[in-house]
Amino acid sequence: MKIVNGFDLMDYAQKRNVMLPAFNTTNLEMTKAIIQGLNSVHMPGMIQISSNNLHLSDPETIAFLVNKFLKGTDTPIGLHLDHGKSFEDVKACVDAGFTSIMVDASDQDFEGNIAEVKRTVEYCHFYNIPVEAELGAIMGKEDDHVSEADCHTDPALVREFVERSGCDLLAVSIGNVHGFDVKPKVDLDLLKKIAEVSPVPLVLHGGSGIPFEQVKAMKQYKMLKINYGSDLRSAYIKTFGEAYEKNHKEANLFGLCKKAVENVAKTASDLVLIINDMK
Ligand code: G3H
Ligand code: ZN
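Just so we're aligned, residue 4 is where the sequence shown starts under this note's numbering, counting upward by one.
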């Protein structure tokens, strides 16, 4: 298949009442594994890369790999910019063929966040590409990016933010965190309040470590997309760590990369099946 448009994926998920998994990639093996994992369980979703990872793997390289690994598959998969940190990254990803975009200006004040999202929306909508925005910063660690800020999304600001910025999806801060260092404390009542006023579907960041029952309960509160990064990265890193622990002379890089792809693909497909009650 070819990379699928983000609006079409949102439409698919809403019609079938499923949550779209969005998995973070970093390199060739992660990209291959995520596509393999989604395709093996025939669950549409997104492969995404964050702005900080683009310094290692640029948008063209990732888009090239995604197109290559999608050949012969039959599961709709989109390519998403995660935590887009600059307008330059947004434009580079759109040019490279990404099919949905997140602009993360949650570290700015309310007006600054709206202005940044609005100009991204104006640009992306010209190409029929949906834009995800974030209101309320999410605490934790995303690879080498650390955020100390923990500003829960204020339901009183949601409608105005969405209407003025024009975003198509809204990432919320409801006690979810990035990475494994801080324990998530999800506030479902807060999510319910946000869902009641949000004109657009919601996105959960920091999927790794959130109890599955809580994730499933979020479906009734407009949660349409869920991001998983650390669970997959950990499966990847463990493959090499365990092999090295067993044998300090281990040098079969090809064998370990292959094993890492299998482990990450299995982690991704298991997550997809569980959160959508397919297992
Ligand atoms: O944007 C990426 C995600 O929010 C990943 O979070 O690493 O905690 O699963 P996670
Ligand atoms: Zn995130």
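We put the CB at the ideal spot given by N, CA and C, even for glycine.
Computed from a prediction, not measured in an experiment: that's the story for all the values here.
For the candidate residues 82, 56, 54, whose alpha-carbon lies nearest to that of residue 66? Translated into the one-based positions of the sequence shown, residue 66 becomes position 63. Checking every option, the nearest Cα to that of residue 66 belongs to 82.
Cα-Cα, which of 10, 24, 9, 68 is closest to residue 226? Mapped onto the sequence shown, residue 226 falls at position 223. Of all alpha-carbon atoms in 10, 24, 9, 68, the one lying nearest the alpha-carbon of residue 226 is that of 24.
Would you say residue 208 touches ligand 2, meaning its beta carbon is less than 7 Å from a heavy atom? Residue mapping note: residue 208 aligns to position 205 of the sequence shown, counting from 1. Result yes, Cβ under 7 Å from ligand 2.
Residue 39, enclosing alpha helix (DSSP H) - first and last residue: Taking the sequence shown and counting its residues from 1, the one referred to as residue 39 is at position 36. Its alpha helix (DSSP H) spans residues 31-43.
Between residue 92 and ligand 1, is the CB less than 7 Å from at least one heavy atom? As a working note, residue 92 is residue 89 in the sequence shown. Set against 7 Å, the gap from the CB of residue 92 to the closest heavy atom of ligand 1 is not smaller.
Minimum C-alpha distance to residue 41 - residue among 78, 249, 6, 173: The sequence position of residue 41 within the sequence shown is 38, counting from 1. Selected option, being the one with the closest Cα: 78.
Would the region 27-36 and the region 103-114 be scored as touching if the rule is three or more Cβ pairs under 8 Å? Fewer than three beta-carbon pairs drawn from the region 27-36 and the region 103-114 are found closer than 8 Å, and the two stretches are therefore not classed as touching.
Flag this pair as yes or no: are the beta carbons of residue 170 and residue 134 separated by less than 8 Å? For this step, residue 170 is matched to residue 167 along the sequence shown. For this step, residue 134 is matched to residue 131 along the sequence shown. In this structure, residue 134 lies closer than 8 Å to residue 170 by Cβ.
Taking 8 Å as the cut-off, decide whether the C-beta atoms of residue 279 and residue 13 are in contact. As a first step, residue 279 must be located in the sequence shown, where it is residue number 276. As a first step, residue 13 must be located in the sequence shown, where it is residue number 10. Taking 8 Å as the Cβ cut-off, residue 279 and residue 13 do not qualify as a contacting pair.
Drop a sphere of 10 angstroms on the beta-carbon of residue 202, count the other beta-carbons inside from all chains shown, and report buried for 16 or more, exposed for fewer. In the sequence shown, the residue the question calls residue 202 occupies position 199. Exposed: under 16 other Cβ atoms inside 10 Å.
If we count the other Cβ atoms within 10 Å of its Cβ and call it buried at 16 or more, is residue 186 buried or exposed? For the purposes of this step, residue 186 is taken as residue 183 along the sequence shown, with counting starting at 1. The residue is exposed, with fewer than 16 neighbouring Cβ atoms inside 10 Å.
Run through the region 54-96 for me and flag every whole beta strand (DSSP E) of 3 or more residues, listed as ranges in chain order. Counting whole runs of 3 or more residues, the region 54-96 contains the beta strand (DSSP E) stretches 80-87.
Three-state secondary structure assigned by DSSP to residue 264: Start at 1 with the first residue of the sequence shown, and residue 264 comes out as number 261. Of the three classes helix, strand and coil, the one that applies to residue 264 here is helix, per DSSP.
Quick one: residues in its chain with C-beta nearer than 6 Å to the C-beta of residue 211, no 5 flanking neighbours on either side, listed in chain order? Along the sequence shown, read from residue 1 onward, the residue named residue 211 stands at position 208. For residue 211, where only same-chain residues beyond five positions count, the Cβ hits under 6 Å are 231, 233, 234.
Based on the DSSP output, what are the partners of residue 229 in its beta bridges? By one-based count along the sequence shown, residue 229 stands at place 226. 24, 207, per the DSSP bridge assignment.
Cutting at 6 Å between CB atoms, please list the residues of its own chain near residue 205, excluding the five before and the five after it. Translated into positions along the sequence shown, residue 205 becomes position 202. Within the same chain, residue 205 has close Cβ partners 173, 175, 225, 226.
In angstroms, rounded to a whole number, what distance separates the CA positions of residue 267 and residue 94? Against the sequence shown, residue 267 aligns to sequence position 264. Against the sequence shown, residue 94 aligns to sequence position 91. Taking the straight line from one Cα to the other gives about 29 Å.
Residue 135 beta carbon near ligand 2 (any heavy atom closer than 7 Å): The residue you call residue 135 lines up with position 132 of the sequence shown. No, Cβ of residue 135 sits at least 7 Å from all heavy atoms of ligand 2.
What runs of the alpha helix (DSSP H), each 4 residues or longer, lie entirely inside the region 149-195? As far as the region 149-195 is concerned, its whole alpha helix (DSSP H) runs of at least 4 residues are 158-168.
For ligand 1, any of its heavy atoms closer than 7 Å to the Cβ of residue 234? Taking the sequence shown and counting its residues from 1, the one referred to as residue 234 is at position 231. Remark: the shortest separation between the CB of residue 234 and any heavy atom of ligand 1 falls under 7 Å.
Could you have a look at residue 212 and say whether DSSP puts it in helix, strand or coil? Mapped onto the sequence shown, residue 212 falls at position 209. Taken through DSSP and simplified to helix, strand or coil, residue 212 comes out as coil.
Whole-angstrom distance between residue 192 and residue 160, CA atom to CA atom: By 1-based counting over the sequence shown, the position of residue 160 is 157. By 1-based counting over the sequence shown, the position of residue 192 is 189. The straight-line gap from Cα to Cα measures roughly 16 Å.
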